[in-house]
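In this text, residue positions in the sequence shown follow my numbering: the first is 844, and each later residue adds one.
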Amino acid sequence: MNITGPVLPPGYSAVPPGHVAAVVTSLEMLSRPPQRPAQAFPAGVTLEPLERTIEAYRRLYRAVGTDWLWFSRLVMADEKLQAILDNPQVEFLALRQDGRDAGILELDFSQAEECELAFFGVAPGLVGTGIGRALMNEAIARAWSRPIKRFWVHTCTLDHPAALDFYRRSGFVPFAFQVEVFPDPRLTGALPRDCSRHVPLLG
């Protein structure tokens, strides 16, 4: 994967009013790593294929990502999102806890011999319970069950503070940094103004 875009000069760069900036780290694994120990999903927690509808997808996406300012699939045009949902090369799985949305696993095999871990996470109430490790083991197993040569993911400084270390312990190796600047979705109305309190709301 080629990382492209304008190169920032050394030193500080101003962020436009009403925008948010994040440092994005891209990581990859080029062979299947040893599986890390994990407990099975506890009673009441299941991993199921996600209904491929915009309503079901965005409900799950919000349940997992609102605290981390996930917004891209909320503002994406419906027809574009539905095209992704209809793509047979993308796997969508939902973690359910007693029937409620509790986690997302999205694996994109659209590029030959590659798999992107497009979206991955658990709902706030399950962070730190060990369920994320079981879900990651499932992600790795599913990705490498295909004839791929590369499994990759990106995370950013808006994610959970432990996310980057979690990916590295899972076998991913960082290969690139980027800076992403975007309109604050809490100001555009895509997300509630009171979410993601770890990110200052300026504007």
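C-beta atoms are modelled at their ideal positions from N, C-alpha and C, and glycine is treated no differently.
Quantities reported herein were computed from a predicted structural model and do not represent experimental measurements.
Query - Extent of the continuous alpha helix (DSSP H) to which PHE908 belongs - result: Per the sequence shown, the amino acid found at residue 908 is Gly instead of Phe. Per DSSP, the continuous alpha helix (DSSP H) segment holding GLY908 begins and ends at 897-908.
Report task. Please list, in chain order, all residues of the same chain as LEU851 whose beta carbon is under 7 Å from its beta carbon, the five residues on each side excluded. Result -> VAL1022
Query raised in the report: Among ARG1040, ALA1019, ASP1008, ALA982, which has the Cα closest to the Cα of LEU890?
Result: That would be ALA982, whose Cα lies nearest to the Cα of LEU890.
**Report entry** Whole-angstrom distance between ASP1037 and PRO994, CA atom to CA atom
**Finding:** Here residue 994 is Phe; the residue named in the question, Pro, does not match the sequence. Each residue's Cα considered, the two are about 35 Å apart.
Report task. Using 10 angstroms around the beta-carbon of PHE1018, count the other beta-carbons present and answer buried if the total reaches 16, otherwise exposed. Result -> exposed
Query raised in the report: Which term fits ALA986, buried or exposed, when burial requires 16 or more other beta carbons within 10 angstroms of its beta carbon?
Result: buried
Query raised in the report: Can you tell me whether HIS1041 is buried or exposed, with buried defined as 16 or more other CB within 10 angstroms of its CB?
Result: Counting other Cβ atoms within 10 Å of its Cβ, HIS1041 stays below 16 and is therefore classed as exposed.
Query raised in the report: Which word fits PHE1020, buried or exposed, when buried means at least 16 other C-beta atoms lie within 10 angstroms of its C-beta?
Result: exposed
Report task. Please say whether HIS997 and VAL907 have beta carbons closer to each other than 7 Å? Result -> no
Query - Local Cβ density within 10 Å of GLY887, reported as buried at 16 or more and exposed below that - result: exposed
Query - Enclosing beta strand (DSSP E) for PRO892 [first to last residue] - result: 888-892
Query raised in the report: Does the beta carbon of PHE952 come closer than 7 Å to any beta carbon on chain C?
Result: Absence of chain C from the displayed structure is noted, only one protein chain being present.
Query raised in the report: How many angstroms separate the CA atom of ALA977 from the CA atom of PRO880?
Result: 8 Å
Query - Cβ neighbour criterion (16 or more within 10 Å) applied to GLU922 - result: GLU922 counts as exposed, since fewer than 16 other beta carbons sit within 10 angstroms of its beta carbon.
Query raised in the report: Could you give the distance in angstroms between the alpha-carbon of THR972 and the alpha-carbon of ARG1012?
Result: 16 Å
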